[in-house]
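Novice: The numbering of the sequence shown is the working numbering, which starts it at 29 and goes up by one.
Every residue gets a Cβ at the ideal spot worked out from N, C-alpha and C, and that includes glycine.
Structure provided below as structure tokens; questions to follow.
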Amino acid sequence: MRKRYWLDLIFARRLSDMNSIAGNWTNIREDEDNFQLQLYVAGASANSIRAIENLKIICEKYLPGRYSLEVIDVHQQGLIAEREQIIALPMLLKVHPAPVRRLIGDLSDLTKVLKGLNIHESI
Numbered sequence: 029m030r031k032r033y034w035l036d037l038i039f040a041r042r043l044s045d046m047n048s049i050a051g052n053w054t055n056i057r058e059d060e061d062n063f064q065l066q067l068y069v070a071g072a073s074a075n076s077i078r079a080i081e082n083l084k085i086i087c088e089k090y091l092p093g094r095y096s097l098e099v100i101d102v103h104q105q106g107l108i109a110e111r112e113q114i115i116a117l118p119m120l121l122k123v124h125p126a127p128v129r130r131l132i133g134d135l136s137d138l139t140k141v142l143k144g145l146n147i148h149e150s151i
């Protein structure tokens with residue numbers, strides 16, 4: 029499938045350790061309260077790339093084995109963006125666990141992201 033092919037090439041260079049860049053990333057163990065995340069991006073913009081990189085690092089550190097992440101390019105999936113009423117990009121949508129939360133920006137402020145996802149950092 030050639031869907032989002034150009035995004036795959038750009039992100040694959042920057043995030044070479046990932047098997048699949050565009051689309052779904054799943055890292056879930058059975059029988060846990062897993063996080064379902066959707067990251068809406070605008071093509072290969074600098075903010076979009078930073079948001080993907082930052083979120084992947086956060087998920088691997090604070091949610092290992094407990095998340096699924098779907099990256100959605102609104103340039104190619106406009107109807108989804110319209111349905112979800114996306115007003116700014118990049119935007120992270122935490123679908124599960126409740127409550128649903130929306131975080132806007134490149135997700136570089138770790139404290140705000142953890143608070144928005146309701147993840148308590150253990151010291």
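Is the beta carbon of L67 less than 8 Å from the beta carbon of A79?
Specialist: Going by C-beta atoms, L67 is nearer than 8 Å to A79.
Novice: Suppose you measure from the CA of G144 to the CA of P118; what does that come to, to the nearest Å?
Specialist: Their Cα atoms are separated by approximately 15 Å.
Novice: How far does the beta strand (DSSP E) with L121 in it reach, from first residue to last?
Specialist: L121 -> beta strand (DSSP E) spans 119-124.
Novice: Tell me, to the nearest whole angstrom, how far the beta carbon of V69 is from that of V99; I am working on the premise that it is less than 8 Å.
Specialist: Rounded, the Cβ-Cβ distance is 6 Å, consistent with contact.
Novice: Alpha carbon to alpha carbon, how far is D134 from I108?
Specialist: Each residue's Cα considered, the two are about 20 Å apart.
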